[in-house]
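S.K.: I am attaching a structure below and will ask some questions about it afterwards.
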Ligand SMILES: CC(C)(COP(=O)(O)OP(=O)(O)OC[C@H]1O[C@@H](n2cnc3c(N)ncnc32)[C@H](O)[C@@H]1OP(=O)(O)O)[C@@H](O)C(=O)NCCC(=O)NCCS
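Numbering (the working numbering), first residue to last: 454 to 624.
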């Protein structure tokens, strides 16, 4: 599959803003954590650079890399890679979180992005990847189980008021 997973560069401004149109403005966290209304693209890249390097992290945040999935030059989704776990991520979030825009779903893109993200995790020295998802998010836990995910447990998440699943995958 011709999917490329990588960090954004200065040349990706058009693709980034085009890809954002696939997401409702009140639910942009599935697309970006860094960009806020009115922010310039270079400014956002600087935030991503610092988060990746662990510079000036907000309280409770760990170093983090946002990788975008490109198909034919267009962004179809993203994977967020947390370089380490803290208590919050151990409860919910884990090492990676992924999303694919609705119109690009069911084509195997998330599966391919996760596969490539595991290579990135390995390059960071992560051998055991924690992944969490809602108990009823069938496509998400299918992906996790297809990669050999071992269910740690199912627990109640007070914040989102739902059952979640916590898995581990050995790379
Ligand atoms: C979860 C998500 C990333 C899956 O993206 P995708 O590109 O459609 O996933 P894939 O095409 O790689 O399919 C993954 C698996 O889920 C299955 N699947 C996809 N959509 C499905 C659906 N609606 N119901 C049941 N299974 C589904 C696929 O058949 C595949 O399983 P298989 O390989 O065993 O056949 C996407 O639905 C999404 O972005 N959802 C919102 C954000 C989210 O929930 N992210 C996960 C957070 S943990």
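The beta carbon of each residue, even a glycine, is placed where N, CA and C say it ideally should be.
Give the straight-line distance between the Cα atoms of residue 597 and residue 515, rounded to the nearest whole angstrom.
M.R.: Cα to Cα, residue 597 sits roughly 23 angstroms from residue 515.
S.K.: With distances taken from CA atoms, which of 504, 551, 464 and 466 is nearest residue 571?
M.R.: Considering only alpha carbons, the answer is 551.
S.K.: Say yes only if the C-beta of residue 586 is nearer than 7 angstroms to one or more non-hydrogen atoms of ligand 1, and no if none qualify.
M.R.: Yes, Cβ of residue 586 sits closer than 7 angstroms to a heavy atom of ligand 1.
S.K.: Report the residue ranges of all alpha helix (DSSP H) runs contained in full by the segment 480-553; include only those spanning at least 4 residues, in chain order.
M.R.: Counting whole runs of 4 or more residues, the segment 480-553 contains the alpha helix (DSSP H) stretches 494-506 and 540-544.
S.K.: Express the C-alpha separation of residue 505 and residue 578 in angstroms, rounding to a whole number.
M.R.: Computed Cα separation, rounded: 15 angstroms.
S.K.: Does ligand 1 have even one heavy atom less than 7 angstroms from the beta-carbon of residue 512?
M.R.: For ligand 1, not one heavy atom lies less than 7 angstroms from the Cβ of residue 512.
S.K.: Flag residue 527 as yes when its Cβ comes closer than 7 angstroms to any non-hydrogen atom of ligand 1, and as no otherwise.
M.R.: The answer is no for residue 527.
S.K.: Quick check on residue 623: does DSSP put it in helix, strand or coil?
M.R.: Strand at residue 623.
S.K.: So what's residue 585 in DSSP terms, helix, strand or just coil?
M.R.: Strand.
S.K.: Report yes if the C-beta of residue 618 is less than 7 angstroms from at least one heavy atom of ligand 1; otherwise report no.
M.R.: For ligand 1, not one heavy atom lies less than 7 angstroms from the Cβ of residue 618.
S.K.: Of all the options 511, 477, 522 and 464, which has the alpha carbon lying nearest to the alpha carbon of residue 454?
M.R.: Comparing Cα positions, the closest option is 522.
S.K.: If we ignore side chains and look at the alpha-carbon of each, how far apart do residue 471 and residue 567 end up?
M.R.: Distance between the alpha carbons of residue 471 and residue 567 is about 22 angstroms.
S.K.: Between the C-alpha atoms of residue 536 and residue 517, what's the straight-line distance to the nearest angstrom?
M.R.: Computed Cα separation, rounded: 6 angstroms.
S.K.: Tell me the residue span of the alpha helix (DSSP H) that contains residue 475.
M.R.: Counting along the chain, residue 475 falls outside any alpha helix (DSSP H), and DSSP gives it neither H nor E.
S.K.: Please report the residue range of the beta strand (DSSP E) in which residue 598 lies.
M.R.: Per DSSP, residue 598 belongs to no beta strand (DSSP E); it is in the alpha helix (DSSP H), 591-599.
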